[in-house]
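See below for the structure under consideration.
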Amino acid sequence: MICKGGTRSYPTSLAQHLLKTDNERVVVVELKHTATQDLKQALNDMHATIAMTQGKKSLYHAQINPAKDEQMTSPQWLYAVDEMERRLGFVDQPRAVVYHEKKGRAHMHVVWQRTDIEKGKVIETSNDYYIHKKLGRDLERKFKHKELKAEFSENWEKMNEREQTARDGYLSPKQLKARIKQLYKNHSDPKEFQKALKKAKFDLAKGNRGLVIVSSKNQIHSLGRYTGQKKKDIEKHLKPILEYLPDATEFVKKREKQQSKIKAMNPKPKAKTIVENAFDILSRDEIGKTAAKFDKLKQEFKQKQFEKLRKEFTDNQDAFNTVSPSVREGFEQVKRDLERQNEEERKRKKEREYKR
240 MICKGGTRSY PTSLAQHLLK TDNERVVVVE LKHTATQDLK QALNDMHATI
290 AMTQGKKSLY HAQINPAKDE QMTSPQWLYA VDEMERRLGF VDQPRAVVYH
340 EKKGRAHMHV VWQRTDIEKG KVIETSNDYY IHKKLGRDLE RKFKHKELKA
390 EFSENWEKMN EREQTARDGY LSPKQLKARI KQLYKNHSDP KEFQKALKKA
440 KFDLAKGNRG LVIVSSKNQI HSLGRYTGQK KKDIEKHLKP ILEYLPDATE
490 FVKKREKQQS KIKAMNPKPK AKTIVENAFD ILSRDEIGKT AAKFDKLKQE
540 FKQKQFEKLR KEFTDNQDAF NTVSPSVREG FEQVKRDLER QNEEERKRKK
590 EREYKR
């Protein structure tokens, strides 16, 4: 079982990623300890709490991926999420849980708020690599799944690389490396190389550890890794344009804003996203529907009781006229009480509908 995760910011782009409709099934499973049932708003609320601290990365985003041929029940998913939460130290922190299903393979995304509001600081997760590694092995033993060894060590990096290149439309990292290496070899002039990259839908930028290329899908790749050249050799070769290159992080941030504006100007019909609770817990909408149904049944029952009493009263009006005034007054009082209760119930129902 593959368990992995890391700290991050940009709650809006994360929400968009979690609700992407290229998955066969998207389920917002749970929004726990949040003031809203809207995923995007919940993540933005979590992010806002980072202002209380000196930290920068407000969220922790993790994934739980069983092998393709392994099936997990709802209680098993819940156990895996809770156990990851406990080991990472996020117990009682606000969290969002989203289930994805794509090409017959299921996996779970979990996002936690890192800010501990009571202590006014972010929860440290520097040892998370080993926590995820051990958790994956422990969950495999508990659920009797086959052991997956390929997600750690060198292969961990390879797996992330495969995901990135797939988003850029390449079959494998090897195919993308061959393309970039060929462009670097064929264009000795730095400006020509930059133009060639642009034509191939890549931009040159400065990364934390050297020059990088940024794809049109905002995926960042190491130029040294993809050309097979050393950092100092690349910088020497591209020296004439180095000072004009943007910072990769700022470049991606700026372009994401531009892309968001373009999308807002040209909205596409929203694909329907399944919102359900895979942990068999009623969502707020379901609770509201259930409460409304119960109110309706209760109202119908009271109405039937009232009609029954009124019919009995009418059918026996002559008999009631012969009894003492105190008895008649008692029946009248019952009638008034029922009518008053009926009216109060109608008012409460209107108030609930107004609040929704």
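Here the numbering used here is used: the first residue of the sequence shown is 240, the next is one more, and so on.
Heads up, the beta-carbon is just placed ideally off N, CA and C, and yes, glycines get one too.
Keep in mind the model is a prediction, meaning the values are calculated, not measured.
Exposed or buried, which one is residue i when buried takes at least 16 other CB atoms within 10 Å?
i: Y299; result: buried
i: N366; result: exposed
i: R334; result: buried
i: M504; result: exposed
i: N581; result: exposed
i: V491; result: buried
i: R192; result: Examination of residue 192 is not possible in this model, given that the chain is present from 240 through 595 alone.
i: T354; result: buried
i: E269; result: buried
i: V286; result: Note that residue 286 corresponds to His in the displayed sequence, not to Val. Classification for H286: buried.
i: G463; result: buried
i: P314; result: exposed
i: S297; result: buried
Could you round the C-beta distance between residue i and residue j to whole angstroms and report it? I think they count as a contact, below 8 Å.
i: C242; j: L374; result: 5 Å
i: Y423; j: L415; result: Their Cβ separation, rounded to whole angstroms, is 13 Å, which puts Y423 and L415 out of contact at 8 Å.
i: I501; j: Y465; result: 28 Å between Cβ atoms; not a contact.
i: T384; j: A319; result: For the sequence presented, residue 384 should be read as His rather than Thr. Incorrect: roughly 11 Å between the Cβ atoms, too far for contact.
i: A274; j: D284; result: 6 Å
i: Q332; j: W351; result: 5 Å
i: V225; j: V361; result: The question about residue 225 has no answer, for the chain in this structure spans 240 to 595.
i: L257; j: H348; result: 6 Å
In chain order, what residues of the same chain lie with their CB nearer than 8 Å to the CB of residue i, ignoring the 5 residues before and after it?
i: G359; result: M291, T292
i: K295; result: S248, I289
Consult DSSP for residue i and reduce its assignment to one of helix, strand or coil.
i: A290; result: helix
i: G463; result: helix
i: G375; result: helix
i: A487; result: helix
i: S248; result: coil
i: H300; result: strand
i: Y409; result: coil
i: R494; result: helix
i: Q468; result: coil
i: R334; result: strand
i: L258; result: coil
i: L477; result: coil
i: L387; result: coil
i: E309; result: coil
i: I452; result: strand
i: A435; result: helix
i: K586; result: helix
i: R353; result: coil
i: F382; result: helix
i: A417; result: helix
i: E525; result: With a pLDDT of 48 at E525, under the threshold of 50, the modelled position of that residue is not reliable, and no figure is offered here.
Output needed for residue i: all residues of its chain with C-beta closer than 7 Å, excluding positions within five of it in sequence on either side, in chain order.
i: A254; result: L278, K279, L282
i: Q458; result: Q403, R406, D407
i: A487; result: A444, K445, G446, V451, V453, I459
i: H346; result: Q302, I303, N304, H339
i: L330; result: Before going on, a small fix: residue 330 reads as Val here, not Leu. E324.
i: E495; result: S252, N457
i: T364; result: T246, Y299, L327
i: H371; result: C242, K243, G244
Near residue i, what residues of its chain come up, given a Cβ to Cβ distance below 6 Å and the 5 sequence neighbours on each side ignored?
i: H386; result: In the sequence as displayed, the identity of residue 386 is Glu instead of His. Excluding sequence neighbours, E386 sits near E379.
i: F441; result: I452, S454
i: E263; result: E340, K341
i: A435; result: L422, H426
i: R344; result: K307
i: L484; result: L443, A444, K445
Could you say if the region 426-436 and the region 479-488 meet the contact criterion of at least three C-beta pairs nearer than 8 Å?
yes
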